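The block underneath contains the structure these notes are about, expressed in structure tokens.
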Amino acid sequence: MKTIFEKNKNLHSKSFLDNEIEFNKRKTPLNLPDTTELEVMRHYKELSDRNFCIEKGFYPLGSCTMKYNPRANEVAARLEGFLNLHPLQSDCDCQGALELIYDLEEALKIITGMDAITLQPCAGAHGEFCAMNIVKKYFENDKKRKKVIIPDNAHGTNPMSAKMNGFDCIEIKSDKNGEVDFEELKLLVNNYGEEIAAIMMTNPNTLGLFDKNILKISELMHKNGSLLYYDGANLNAIMGHTNPRLMGFDIVHLNLHKTFSTPHGGGGPGAGPVGVIKELEKYLPVPTIKFDGQKYYRNYDNPYTIGKISTFYGNFSVFVRAYTYILMMGNKLKNVSSDAVLAANYIKEKLKKYFKLPYERSCMHEFVLSGDFQKEKGVSTLMMAKRLMDSNYHPPTVYFPLIVHEAMMIEPCESETKEVLDNFIQTMINIAKEVENNPEKFSEYPISTPVLKADETLAARHLNTKYEFNN
Ligand SMILES: *Cc1c(COP(=O)(O)O)cnc(C)c1O
120 MKTIFEKNKN
130 LHSKSFLDNE
140 IEFNKRKTPL
150 NLPDTTELEV
160 MRHYKELSDR
170 NFCIEKGFYP
180 LGSCTMKYNP
190 RANEVAARLE
200 GFLNLHPLQS
210 DCDCQGALEL
220 IYDLEEALKI
230 ITGMDAITLQ
240 PCAGAHGEFC
250 AMNIVKKYFE
260 NDKKRKKVII
270 PDNAHGTNPM
280 SAKMNGFDCI
290 EIKSDKNGEV
300 DFEELKLLVN
310 NYGEEIAAIM
320 MTNPNTLGLF
330 DKNILKISEL
340 MHKNGSLLYY
350 DGANLNAIMG
360 HTNPRLMGFD
370 IVHLNLHKTF
380 STPHGGGGPG
390 AGPVGVIKEL
400 EKYLPVPTIK
410 FDGQKYYRNY
420 DNPYTIGKIS
430 TFYGNFSVFV
440 RAYTYILMMG
450 NKLKNVSSDA
460 VLAANYIKEK
470 LKKYFKLPYE
480 RSCMHEFVLS
490 GDFQKEKGVS
500 TLMMAKRLMD
510 SNYHPPTVYF
520 PLIVHEAMMI
530 EPCESETKEV
540 LDNFIQTMIN
550 IAKEVENNPE
560 KFSEYPISTP
570 VLKADETLAA
580 RHLNTKYEFN
590 N
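Each residue of the sequence shown is one higher than the last, beginning at 120 in the working numbering.
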């Protein structure tokens, strides 16, 4: 089909627009159901009722930080001035929005210890891509630095982000404590030396464990001339207690939609800001938001930049929510992390008698159990996850990280009461007992959800999301 531009360059002539409308008009009527507005409302209400959400029940989906999203965030995001902004408005026309972006960046600098932040990336994975693009640019004149070291429990987006920027990934094993195997790392650094551009780490890692060797690791990598990249998806564990800068990281991404309480799931919208140390600041995407003492402005003037990473400046409404949350919490952000860690350890201690705990040590904001004992009785982790749905719980993250068999990754967050945690613990204990006494029943679950057991193979192989109306 010809584009508008090919057909007529004179975009503003009336006759052109008339022709355009005529051309695009549907020639045959759309086959829609003929029904009443009330019936339509009932249809959509019924669909929305089928969704599970944090307001409906406990959502301990590990690594996703499904915390409560305070309603005050929503009120702020819906303020007229924010809601009706257009990204092409001039700087003088949107001083308030630019000030909010600037202030949010300042807050994130304090929280991460980094020297500069960009809010442009629209998801964690997008932030990773942006960060690894900066790493690539930093080593532009050092062509042999083509390797990136990534632990075996990393989120799958880490190797993908490195690969998409042309790096080769080297996997490093975890040791028996669930930390990066430091002796192995020394060997890798010895073997590959100046070929290593960076190490990508998550700390606490996806086992919910804090790598106590982090200072030794950063010293080793820096001595080798390599950069340290921090996957900040687990920031909810450490806020106000430590930060990636103190651990020796050079570049980080955050997930505002996780740590800073904006609704997520179902694919967005999110925000994956990237923070960097001074030496990397000049590579940040344009525009950067500056303040000249009188007004805020978007600065495009930077010959070193990696360029643009989003069409405009990211998901602004997510910034408003995250900023509101940070202002509301203030110094109590530190308590957010303490409470999240306390809740995870509480559940872990209560459940370790009933499920295999592969790493017997205190955890951070989440922990990973193995369903190995139950699997021996014929009940897999997936079956237990389905059973949890019948008790109105969102199941934990399952089968991740890949290094734990039958993994169940539980992240309660700080926003739950002890009563909720106790009820969940009791349900898990009941499940463990049910596996002992009645393992056959597990093939039937779930029995109470709107969609019962989904045929996951069929869904993956023949995905069909199309509306089909059969009269
Ligand atoms: C969620 C997550 C990511 C990716 O973030 P998205 O916002 O989902 O793209 C990366 N790493 C870890 C450890 C995560 O938990």
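Here a beta-carbon is modelled for each residue, glycine too, at the ideal position from N, C-alpha and C.
Here the structure is a predicted model, which means the values were calculated and not measured.
Cβ-heavy atom distance, residue i to ligand 1, below 7 angstroms
i      : result
Ser182 : yes
Ala578 : no
His513 : no
Thr231 : no
Thr568 : no
His376 : yes
His274 : yes
His244 : Note on identity: in this sequence residue 244 is Ala, with His being the wrong assignment. It does: the Cβ of Ala244 is within 7 angstroms (strictly closer) of some heavy atom of ligand 1.
Ala191 : no
Asn353 : yes
Nearest-angstrom Cβ-Cβ length linking residue i and residue j, presumed shorter than 8 angstroms
i      : j      : result
Asp261 : Lys397 : Not a contact, Cβ separation roughly 19 angstroms.
Ile445 : Ala226 : 5 angstroms
Leu223 : Tyr442 : 5 angstroms
Ile291 : Pro270 : 5 angstroms
Val460 : Ser489 : Val460 to Ser489, Cβ: 21 angstroms. No contact.
Pro388 : Cys241 : 7 angstroms
Backbone CA spacing between residue i and residue j [nearest angstrom]
i      : j      : result
Leu370 : Leu346 : The residue you asked about is not Leu; residue 370 is Ile in the sequence shown. If I take the Cα positions, the gap works out to 8 angstroms.
Leu521 : Lys295 : 15 angstroms
Val159 : Pro152 : 10 angstroms
Leu507 : Phe492 : 17 angstroms
Met448 : Phe519 : 31 angstroms
Thr169 : Leu452 : Residue identity check: residue 169 is Arg in the sequence provided, not Thr. Roughly 33 angstroms separates the two Cα atoms.
Lys585 : Pro278 : 32 angstroms
Leu577 : Leu571 : 14 angstroms
Lys256 : Met319 : 16 angstroms
Gly426 : Val405 : 6 angstroms
Asn556 : Met483 : 33 angstroms
Leu68  : Tyr419 : No answer is possible for residue 68: the residues shown for the chain start at 120 and end at 590.
Gln545 : Glu587 : 43 angstroms
Met185 : Lys144 : 44 angstroms
Pro477 : Thr276 : 24 angstroms
Glu139 : Lys146 : 14 angstroms
Gln413 : Glu218 : 11 angstroms
Asn312 : Pro558 : Contrary to the premise, residue 312 reads as Gly rather than Asn in this sequence. Computed Cα separation, rounded: 52 angstroms.
Thr231 : Gly394 : 8 angstroms
Glu575 : Glu485 : 27 angstroms
Phe329 : Pro323 : 4 angstroms
Glu156 : Tyr163 : 11 angstroms
His341 : Ile529 : 34 angstroms
Lys228 : Asp509 : 43 angstroms
Lys401 : Lys552 : 58 angstroms
Contact under 8 angstroms by Cβ, residue i with residue j
i      : j      : result
Ala352 : Thr321 : yes
Val308 : Asn332 : no
Glu314 : Arg264 : yes
Gly176 : Tyr512 : yes
Cys288 : Val267 : yes
Ala281 : Ser436 : no
Asp350 : Glu193 : no
Ser337 : Met366 : yes
Ser380 : Tyr178 : no
Pro515 : Ile466 : no
Ala526 : Val487 : yes
Ala244 : Tyr348 : no
Gln239 : Tyr415 : no
Lys505 : Pro422 : no
Thr325 : His372 : no
Ile550 : Met503 : yes
Residues bridged to residue i (per DSSP)
i      : result
Lys475 : Ser489
Asn418 : Thr407
Ala526 : Ser489
Pro270 : Ile291
Tyr564 : Paired residues: none, contrary to the question.
Leu346 : Ala317
Ala235 : Val395
Thr424 : DSSP output for Thr424 lists no bridge partner at all.
Val299 : Ser293
His372 : Asp350, Val393
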